[in-house]
Amino acid sequence: MNSRPPLRRASLDTSPPIDGVEERREIIPAGALPLPPEGGEVALRSSGGVGEAVPETRSRRKTGTTRRARKLRQAGNQAEALLWLELKARKLGGYRFTRQFSIGPFFADFACRENRLVVEVDGHQHAGSSHDRRRDDFKRAQGYSILRLWNHDVLKFRTSVCETILAALDGRLAENIAVSDLHFVFTPRSPDSISSKTELSP
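Per the numbering used here, residue 342 is the first one in the sequence shown, and the count goes up by one each step.
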């Protein structure tokens, strides 16, 4: 066990200077300030010119993922913002959604991890996009079903859109659907994930 020498308390003269007398200042000797705990790393964060010691934390996310998701949320369109008002805080059927959720190298506009559903809100420029097909294939390989909706429908028919999302969450959509205003790619959930959820539930 390493023993450290006791800390010396430095006293400073705070009385106002007297004319003709040089102000006395005591210099704090090296080693008089406490050191961080042994083995513990701290990072200095500058805040208004004053260094503040904070513990270094490690994230399980890939570097830059959080920053990228934040940018996507801020750059989101009006339709995404309005739909998020319906999905956040478990407002829709008690299901929990995450906005701009990363799945591998891709981001989902909205994702319900518990029910493995991705909801994408697209403009008509996404119709028939090969890039979207690649993204969907990757997400399906991770066990997600994908529901693609149009911006226009979210803005004009939000109630119907929410009912469609609920149908997908409740398992009432169980096959692929491709119509002018809706695109749903169904991914059957593995029996293992369903049985494990049943075992965990009281």
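We put the CB at the ideal spot given by N, CA and C, even for glycine.
Bridge-paired residues (DSSP) for residue i
| i | result |
| --- | --- |
| residue 461 | 489 |
| residue 444 | 447 |
For residue i, three-class secondary structure by DSSP
| i | result |
| --- | --- |
| residue 478 | helix |
| residue 470 | coil |
| residue 439 | strand |
| residue 449 | strand |
| residue 528 | coil |
| residue 561 | Outside the shown range of the chain (342 to 543) lies residue 561, about which nothing can therefore be said. |
| residue 421 | helix |
| residue 427 | helix |
| residue 514 | coil |
| residue 433 | coil |
| residue 454 | coil |
Boundaries of the beta strand (DSSP E) in which residue i is found, first to last residue
| i | result |
| --- | --- |
| residue 521 | That residue, residue 521, is in no beta strand (DSSP E); it is neither H nor E in DSSP. |
Whether residue i touches residue j by CB criterion (8 Å)
| i | j | result |
| --- | --- | --- |
| residue 477 | residue 487 | yes |
| residue 485 | residue 513 | no |
| residue 428 | residue 507 | no |
| residue 447 | residue 480 | yes |
| residue 462 | residue 490 | yes |
| residue 431 | residue 437 | yes |
N- and C-terminal bounds of the alpha helix (DSSP H) containing residue i
| i | result |
| --- | --- |
| residue 499 | 499-510 |
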